[in-house]
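Before any comments, here is the structure.
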Amino acid sequence: MEVRGITYDVGMPVIKGGMTRESLSTDTVDREMQTIANELNCNAVRITGQDLGRLRMAADIAARYGLDVWLSPSFHDASEEATLNQIIETARMCEELRGRYTSRFVLVIGCELSIFMAGFIPGSNGLERLALLSDPSRWTEELFAVGSPVERLNSFLTRTAQEVKKWFSGPLTYAAGLWEDIDWSAFDFVGIDACRDAENSSHFRDLIRKYKKYGKPIVVTEFGCCTYVGADAQGSMGWLVIDRESQPWRLNKPVIRDEDIQAQYLTDMLALFEDEGVEGAFVFTFVSPSYPSSVIPEQDLDTASYSLVRTWLDSDTSCWEPKKAFYEVARYYGEDR
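Each residue of the sequence shown is one higher than the one before, counting from 2 in this note's numbering.
Rendered as structure tokens:
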């Protein structure tokens, strides 16, 4: 594959309060980008988050290590206009960085916005909107009164792409959920968040192949697996084993930690994507400090984490240790050079 990537979070709000990365120093980002480039054998990083200062810092450091930067601002629960304005600001910043480095800069102008942006589907947060989207019995005429959610999403993406191109001269894409029927005419890459699970495993290859009809390079902008027995069957929903109502968070049912499950899933998916001729893929994700590990099984949130490295409860969040998946992805990417 041409694009051997990893997603890298610089911080986003967490449902029920807090941030995925409460603090993030330049030294931490430098060390992690060096690891991504030199040990994980990536040639690209998809940087996600909402703070423009952090996005810029991480993009700048990543480019210094020769990584292609796929900048992916995320403004959860913001309105259409607020999201558009923030994306335009990111586009200006991305163009300025693009002129300073030989690395390729790609702007990802949104991620699964039908659930993460306010306005298309009712709900105060992504979980509420996802629950409504997943339950057709709750769909009302009001939901479609001013056009279907996907029609309104495509209208927003077309308008956003037109505005962004006034400020950014590089390639554009969007990170689409598999349920989103996107008009890709305004984009340079078809970008899909594609996790295999028990429900789609029998036709997963067909899901990937259908995007070839657009005649554009396909990049899997996100795929991943948690770290417990059965997580490979849950795909993108593996994190739901966490009880976010409890303080501190804990697992809502007993699970068996299994790093082999995660490692096998990721390498299987990379091989499948390569076999289907996709341009590249971004493993989700490098590190998740908000999901720390613990010797107490019900508090071992890392089992419900998609990260390739393991952080610990009550430790310095800049300290982590590689999981088995880290080494297996590094091996796969190293062989693919």
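Backbone N, C-alpha and C define an ideal beta-carbon position, used for all residues, glycine too. Quantities reported herein were computed from a predicted structural model and do not represent experimental measurements.
Here DSSP, grouped into helix, strand and coil, assigns Pro-298 to helix. Contact between the region 245 to 264 and the region 189 to 201 is absent: fewer than 3 CB-CB pairs across the two stretches fall below 8 Å. Our two residues, Ala-92 and Gly-281, have alpha carbons roughly 22 Å apart in a direct line.
Per DSSP, the beta-bridge partners of Trp-313 are Ser-294. Each of Thr-304, Ala-59 and Val-288 was checked against the Cα of Ser-295, and the nearest Cα belongs to Thr-304. DSSP places Cys-112 within a strand segment (E or B) once states are collapsed to three. Burial of Ser-237 is indicated by the presence of at least 16 other C-beta atoms within 10 angstroms of its C-beta. With respect to the C-alpha of Tyr-175, the residue from Thr-159, Lys-167 and Trp-168 having the closest C-alpha is Thr-159. In the three-state DSSP reduction, Gly-127 falls in the helix class (H, G or I). Secondary structure at Leu-133: helix, using DSSP grouped into helix, strand and coil. For Trp-321, the closest alpha carbon among the candidates Tyr-333, Glu-329 and Ser-308 is that of Ser-308. Around the beta-carbon of Gln-235, 16 or more other beta-carbon atoms lie within 10 Å, marking it buried.
The way I'd put it, the region 125 to 136 doesn't touch the region 95 to 109; fewer than three beta-carbon pairs between them come closer than 8 Å. Between the region 182 to 193 and the region 238 to 254, the count of Cβ pairs shorter than 8 Å is below three; the stretches do not touch. The criterion of a C-beta distance shorter than 8 Å is satisfied by Tyr-229 and Arg-258. Per DSSP, reduced to three states, the secondary structure at Pro-150 is helical. Here the alpha carbon of Lys-217 sits roughly 14 Å from the alpha carbon of Glu-277. In the three-state DSSP reduction, Gly-6 falls in the strand class (E or B).
The Cβ-Cβ distance between Leu-68 and Ala-83 does not fall below 8 Å. It is roughly 22 Å from the alpha-carbon of Leu-56 to the alpha-carbon of Ile-116. For a cut-off of 8 Å, the C-beta gap from Ala-64 to Val-30 is around 12 Å, too long to register as a contact. Counting only the Cα atoms, Leu-85 lies some 34 Å from Asn-42.
If the five residues before and after Met-118 are omitted, its C-beta is found closer than 6 Å to the C-beta atoms of Thr-84, all from its own chain and listed in chain order. Residue state for Trp-71 is assigned as strand, using DSSP reduced to three classes. If you compare the alpha carbons of Glu-40, Thr-161 and Leu-179 with that of Val-220, the shortest gap goes to Leu-179. The C-beta distance from Phe-121 to Arg-153 rounds to 6 Å, short enough to fall under 8 Å.
Around Asp-233, the same chain offers Cys-226, Ile-262 and Tyr-266 as residues with beta carbons nearer than 6 Å, after the five sequence neighbours per side are excluded. Between Phe-169 and Cys-95, the gap from beta carbon to beta carbon is short of 8 Å. Secondary structure of Gly-100 (DSSP, three-state): coil.
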